[in-house]
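Below is one structure, written out as structure tokens; the observations come after it.
2 protein chains.
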Amino acid sequence: MKLQELGEFELTKLIREIIDDSRHPEQAIWQDLSIGPGDDAAVWQGNNHLQIATTDTMVQDVHFDLDTVTWDELGWKALAVSLSDIAAMGGIPQYALVSLSLPGELESESISKFIKSMTNLASKFETAIVGGNLTSSLRIIITTTLIGYTPDRVLMRSTARDGDCIAITGYAGTSAAGLENILGKIALDSSCQQVLRRAHLQPTPRIKEGRILVGQGVKTAIDISDGLIADLNHICEASGVNALIELEQIPIHPLVKHNFHNCLELALWGGEDYELLFLASEDTINKAKLAMSCPVTVIGKTTKEAQLKRISLRDRNGSFVPYEREGWDHFGKKFSRAKNIRS
Amino acid sequence: MKLQELGEFELTKLIREIIDDSRHPEQAIWQDLSIGPGDDAAVWQGNNHLQIATTDTMVQDVHFDLDTVTWDELGWKALAVSLSDIAAMGGIPQYALVSLSLPGELESESISKFIKSMTNLASKFETAIVGGNLTSSLRIIITTTLIGYTPDRVLMRSTARDGDCIAITGYAGTSAAGLENILGKIALDSSCQQVLRRAHLQPTPRIKEGRILVGQGVKTAIDISDGLIADLNHICEASGVNALIELEQIPIHPLVKHNFHNCLELALWGGEDYELLFLASEDTINKAKLAMSCPVTVIGKTTKEAQLKRISLRDRNGSFVPYEREGWDHFGKKFSRAKNIRS
Numbered sequence: 001m002k003l004q005e006l007g008e009f010e011l012t013k014l015i016r017e018i019i020d021d022s023r024h025p026e027q028a029i030w031q032d033l034s035i036g037p038g039d040d041a042a043v044w045q046g047n048n049h050l051q052i053a054t055t056d057t058m059v060q061d062v063h064f065d066l067d068t069v070t071w072d073e074l075g076w077k078a079l080a081v082s083l084s085d086i087a088a089m090g091g092i093p094q095y096a097l098v099s100l101s102l103p104g105e106l107e108s109e110s111i112s113k114f115i116k117s118m119t120n121l122a123s124k125f126e127t128a129i130v131g132g133n134l135t136s137s138l139r140i141i142i143t144t145t146l147i148g149y150t151p152d153r154v155l156m157r158s159t160a161r162d163g164d165c166i167a168i169t170g171y172a173g174t175s176a177a178g179l180e181n182i183l184g185k186i187a188l189d190s191s192c193q194q195v196l197r198r199a200h201l202q203p204t205p206r207i208k209e210g211r212i213l214v215g216q217g218v219k220t221a222i223d224i225s226d227g228l229i230a231d232l233n234h235i236c237e238a239s240g241v242n243a244l245i246e247l248e249q250i251p252i253h254p255l256v257k258h259n260f261h262n263c264l265e266l267a268l269w270g271g272e273d274y275e276l277l278f279l280a281s282e283d284t285i286n287k288a289k290l291a292m293s294c295p296v297t298v299i300g301k302t303t304k305e306a307q308l309k310r311i312s313l314r315d316r317n318g319s320f321v322p323y324e325r326e327g328w329d330h331f332g333k334k335f336s337r338a339k340n341i342r343s
Numbered sequence: 344m345k346l347q348e349l350g351e352f353e354l355t356k357l358i359r360e361i362i363d364d365s366r367h368p369e370q371a372i373w374q375d376l377s378i379g380p381g382d383d384a385a386v387w388q389g390n391n392h393l394q395i396a397t398t399d400t401m402v403q404d405v406h407f408d409l410d411t412v413t414w415d416e417l418g419w420k421a422l423a424v425s426l427s428d429i430a431a432m433g434g435i436p437q438y439a440l441v442s443l444s445l446p447g448e449l450e451s452e453s454i455s456k457f458i459k460s461m462t463n464l465a466s467k468f469e470t471a472i473v474g475g476n477l478t479s480s481l482r483i484i485i486t487t488t489l490i491g492y493t494p495d496r497v498l499m500r501s502t503a504r505d506g507d508c509i510a511i512t513g514y515a516g517t518s519a520a521g522l523e524n525i526l527g528k529i530a531l532d533s534s535c536q537q538v539l540r541r542a543h544l545q546p547t548p549r550i551k552e553g554r555i556l557v558g559q560g561v562k563t564a565i566d567i568s569d570g571l572i573a574d575l576n577h578i579c580e581a582s583g584v585n586a587l588i589e590l591e592q593i594p595i596h597p598l599v600k601h602n603f604h605n606c607l608e609l610a611l612w613g614g615e616d617y618e619l620l621f622l623a624s625e626d627t628i629n630k631a632k633l634a635m636s637c638p639v640t641v642i643g644k645t646t647k648e649a650q651l652k653r654i655s656l657r658d659r660n661g662s663f664v665p666y667e668r669e670g671w672d673h674f675g676k677k678f679s680r681a682k683n684i685r686s
């Protein structure tokens with residue numbers, strides 16, 4: 001079957017099955033492995049702490065377009081997405097490797113800007129870029145691998161329980177709104193434009209917030225990279241729970257609410273917000289909220305009631321809202337939308 | 344300046360300078376860093392051992408052609424090149440992350456073969472594939488990141504001294520000969536073809552040999568990925584030494600010697616042999632040789648005498664052989680050749 005028919009999630013499953021079949025439980029590396037493929041990052045037992053590693057690739061004309069992004073923004077984002085994966089594990093980032101495949105006709109000045117911006121972000125999070133790889137290619141391909149650790153424990157996808165509250169940091173849909181503006185779908189004034197562009201191209205990874213979640217006893221988290229519903233679905237699938245989302249609770253940035261009639265769709269399916277979606281008891285979430293300087297909003301809960309779907313959406317009138325699919329598929333390339341939702 | 348004018352090595356230097364400028368010596372991550380960009384892998388102090396990490400990218404139609412390589416071979420090679428970097432550091436591989444960018448029209452069966460082959464090689468070296476990333480792209484891009492460790496110390500590029508002997512494991516040029524055959528430049532009988540194809544597409548990383556080198560007191564090593572002369576040049580530059588190579592000592596596989604009139608050129612500039620090139624005193628090299636089951640050949644020495652060039656080549660008559668450049672450049676794409684060398 002072709003990958004575009006199979007889809008990203010089935011392909012991921014196929015690969016995981018092959019890797020699982022290859023396990024040698026008698027080997028030390030497999031004994032030390034805490035989390036293999038299928039979470040935001042891999043985790044294994046180091047000598048005195050858990051080691052965490054994650055990798056992400058950005059491909060020109062798939063993930064970015066040089067006509068609409070600067071080299072500064074590209075360098076920042078390429079590292080930010082991996083930092084966000086470490087944040088989603090509750091980890092502390094340490095060392096990054098950057099693999100660049102570049103066309104020969106690029107200007108070296110562009111690459112200087114790219115690397116400088118990346119080191120600026122790295123410094124903010126006390127992370128060192130320590131190696132990488134250079135090759136030529138027709139289009140730009142950037143793969144960032146980030147290695148970190150946690151002295152205590154990690155946040156996982158598989159630990160949600162029935163009755164957990166579902167919360168997110170910051171706002172959902174701001175990045176997708178930024179992308180719509182960058183693509184010229186909507187004109188905005190320049191200060192608004194700057195906020196949304198930054199949300200899309202220079203997100204701030206929630207490293208500090210991830211550590212607070214661990215400290216406050218939260219066990220379950222993911223970063224919103226595929227989209228709120230898609231990422232919540234990853235947690236529901238991994239934990240075997242159902243979720244009920246109250247649409248009017250979803251935190252949407254005032255600039256997005258004001259300018260985008262489709263703001264709720266952007267918030268639910270837009271992706272790339274790199275906020276943390278986390279689940280815990282109400283008490284625990286309240287404690288985490290008090291400890292954080294960013295907004296934290298409860299948007300729903302896990303429940304045995306909502307048997308109809310893995311994830312149910314309820315509007316302000318208490319009516320369930322039908323929708324089609326759960327998320328972005330890299331191969332299918334269908335950007336899913338709910339039916340008839342307007343905020 | 345365009346990258347194709349600047350060249351790979353200058354671009355690497357530029358990136359290293361920016362990263363060096365970004366260092367924060369007061370941060371723990373920089374204090375723990377033993378080796379940053381510029382060796383076969385990055386190395387930092389873990390709790391009880393040195394941690395090692397390396398990354399490599401293979402791009403379709405740059406590094407491989409689906410018309411001439413099978414998915415089994417591709418999976419093997421994509422991991423083997425990273426294992427070889429860990430071997431060149433004298434390290435023990437542990438965990439791999441694999442980032443795949445794939446066109447939607449690929450068959451999932453191909454990816455299954457690819458991953459199975461990769462897990463087969465991983466198992467041989469007690470390595471676990473623990474994560475990665477999937478994205479769509481027009482051409483296939485494979486980035487493998489490998490994390491390992493050493494309980495004692497690492498092999499480096501910068502530790503060669505005047506008077507060291509220069510040795511290599513196995514044969515040089517076999518991989519390049521395999522590539523010439525695959526590209527249809529020369530017809531060979533099928534058993535010969537199989538040996539050379541395997542050398543090019545399914546090299547065996549010298550992990551065991553790297554550990555022996557550490558155990559026997561060798562300090563300096565690199566793997567031959569760019570080519571014997573290019574990689575020796577990396578060591579000479581990093582260590583500030585000159586080298587004198589005796590051309591008739593270079594070990595060339597009998598099948599290559601017999602079938603390729605340009606075998607010496609392939610051995611010197613061909614690359615991708617993934618053998619270890621290492622430097623130490625004669626005594627130390629003899630001890631290492633005794634401890635290894637593969638061929639080990641001394642091919643020259645570092646010297647203060649050879650002042651004319653970083654690397655001098657001497658033929659069987661004691662005459663110095665002129666040559667043009669030192670290696671493969673990913674952006675310049677010039678596959679350098681010596682003048683007038685025939686073995």
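Those sequence lines, one after another, are chains A and B. For the first sequence, the numbering used here begins at 1 and goes up steadily by one. For the second sequence, the numbering used here begins at 344 and goes up steadily by one. The beta carbon of each residue, even a glycine, is placed where N, CA and C say it ideally should be.
With a threshold of 8 Å between beta carbons, D56(A) makes contact with chain B. Between S239(A) and T159(A), the C-beta spacing is below 8 Å. The closest CA to that of F64(A), considering only Q202(A), L188(A) and D40(A), is found on Q202(A).
Under the 10 Å beta carbon count, H604(B) is surrounded by fewer than 16 other beta carbons and is classified as exposed. Using a CB distance cut-off of 8 Å, E275(A) does not count as an interface residue toward chain B.
The residues S518, G521, L522, I525 and E615, in chain order, have a CB closer than 7 Å to that of H543(B) in the same chain once the five nearest residues on each side in sequence are set aside. For M499(B), the closest Cβ of chain A is not nearer than 8 Å. Beta-bridge analysis with DSSP links C606(B) to no other residue. Here E73(A) is buried, its C-beta having at least 16 other C-beta atoms within 10 Å.
At a cut-off of 8 Å between beta-carbon atoms, Q374(B) makes no contact with chain A.
A distance of 8 Å or more separates the beta carbons of T127(A) and S99(A). Along the stretch 514–540 of chain B, none of the residues has a CB nearer than 8 Å to a CB of chain A. Per DSSP, the beta bridge partners of R657(B) are E589(B) and F663(B). Straight across, the Cα-Cα distance linking T145(A) with S82(A) is about 7 Å.
The three-state reading of DSSP puts L66(A) in coil, since its state is none of H, G, I, E or B. Contacts with chain B at 8 Å (Cβ-Cβ) include W44(A).
Around the CB of K647(B), fewer than 16 other CB atoms lie within 10 Å, so the residue is classed as exposed. Residue-level contact check: S624(B) does not touch chain A, since none of the beta carbons of chain A fall below 8 Å from its beta carbon.
For the stretch 112–145 of chain A, the full-length beta strand (DSSP E) segments reaching 3 residues or more read 128–136 along the chain. Each of R366(B), I654(B) and T413(B) was checked against the Cα of P380(B), and the nearest Cα belongs to R366(B). When DSSP reads this structure, D566(B) sits in a beta bridge with L619(B).
Fully contained in the stretch 11–74 of chain A are the following alpha helix (DSSP H) runs of length 4 or more, in chain order: 28–32. Cβ neighbours of I588(B) within its own chain (closer than 6 Å, five residues either side excluded): I642, G643 and L656. At a cut-off of 8 Å, the C-beta of N133(A) has a neighbouring C-beta in chain B.
Taking all protein chains shown into account, L609(B) has 16 or more neighbouring C-beta atoms within 10 Å of its C-beta and is therefore buried. Rounded to whole angstroms, the gap between the alpha carbons of D56(A) and S84(A) is 11 Å. A Cβ of chain A is located within less than 8 Å of the beta carbon of G447(B). Per DSSP, reduced to three states, the secondary structure at P151(A) is coil, with no helix or strand assignment. Collapsing the DSSP output to three states places K647(B) in coil. Distance between H258(A) and L196(A), taken at the CA atoms: about 13 Å. With contacts defined by Cβ atoms closer than 8 Å, A280(A) and K219(A) form a contacting pair.
With respect to the C-alpha of Q437(B), the residue from L449(B), R653(B), D363(B) and T462(B) having the closest C-alpha is T462(B). Straight-line measurement puts the Cα of R310(A) at about 7 Å from the Cα of N233(A). For Q94(A), at least one C-beta of chain B is nearer than 8 Å to its own C-beta. Residues of chain A whose Cβ lies closer than 7 Å to the Cβ of P594(B) do not exist, since the nearest Cβ in that chain is about 28 Å away.
Bounds of the beta strand (DSSP E) holding C165(A) are C165 to T169.
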